[in-house]
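K.L.:
Please find one structure pasted underneath; my questions will follow.
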Amino acid sequence: MNAELIVTILCGLAIAVGVAGTIIPVLPGSILIGASLLAWAIWGGAGPLGWVIFAVGMVFVVAGMAASAVLTGRKLKQHGIPNRSVLIGVVLGVVGMFVIPVVGLFVGFAVGLLLSEVQRTRDFRMAIRSSGAALKATGIGILVEFGLACAAASTWIIGVWINAVNG
């Protein structure tokens, strides 16, 4: 096994973790994909092809991160959901991660968001509606980032294949 093959395998594993991290917030996501693309461009032995793959992959990574933030933020503002509610949801999500294995992060986030909205609106039905809108907005942002992370990973896979055929 040569060094380029080891780098390629490690980058592939890191990219897979990064793609999963766009859905599972505990894992590193798009940033890990970008770092892996850079590592492969530098040490993967693909030469100029590695840098082209890095550039194209980073377009997907940056677009995914930006789209996720913009889509989620815009929807939250449309529904008048303050950052405080989201922050409370995140805090309870982290707590839930340790209390309920596997699904605790999602359950804690939803419960924290709902509790904060009930406290803010003083109306349970309105809090349910605004929390549902926030969860939907967050879900859409996650799906968009996941899709673009998959596109970045696919770009890397194509680059590895091209490098293998030409190398």
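Residue numbers for the sequence shown follow full-length UniProt numbering, so the first one is 1 and each next one is one higher. From the three backbone atoms N, C-alpha and C, an ideal C-beta is built for every residue, glycine too. If you're wondering where the values come from, they're calculated on a predicted model, not measured in any experiment.
#1: Over what stretch of residues does the alpha helix (DSSP H) that includes Ala-46 continue unbroken?
#2: Identify the continuous alpha helix (DSSP H) that holds Val-103 and give its terminal residues.
#3: Between which two residues does the alpha helix (DSSP H) harbouring Leu-10 extend?
#4: Between the Cα of Ile-9 and the Cα atoms of Ile-23, Pro-82, Lys-136 and Ser-36, which residue gives the shortest distance?
#5: Taking the alpha helix (DSSP H) that Leu-27 falls in, what are its first and last residues?
#6: Quick one: using the 10 Å Cβ neighbour count with 16 as the cut-off for buried, is Val-19 buried or exposed?
#7: What do you reckon, are the CB atoms on residue 169 and Leu-32 nearer than 7 Å?
#8: Could you tell me how far apart the beta carbons of Gly-57 and Trp-156 are, in whole angstroms, since I believe they sit closer than 8 Å?
#9: Where do the ends of the alpha helix (DSSP H) carrying Arg-122 lie?
P.N.:
Here's the rundown:
#1: Per DSSP, Ala-46 belongs to no alpha helix (DSSP H) and is neither H nor E.
#2: Premise fails: Val-103 is in no alpha helix (DSSP H) and is neither H nor E.
#3: For Leu-10, the enclosing alpha helix (DSSP H) covers residues 3-21.
#4: Ranking Ile-23, Pro-82, Lys-136 and Ser-36 by CA distance to the CA of Ile-9 puts Ser-36 first.
#5: Following the DSSP letters along the chain, one finds Leu-27 in no alpha helix (DSSP H), marked with neither H nor E.
#6: Label assigned to Val-19: buried.
#7: Here the chain has residues from 1 to 167 only, and residue 169 is not among them.
#8: Sure, about 6 Å apart at Cβ, within 8 Å.
#9: No alpha helix (DSSP H) contains Arg-122, which DSSP labels as neither H nor E.
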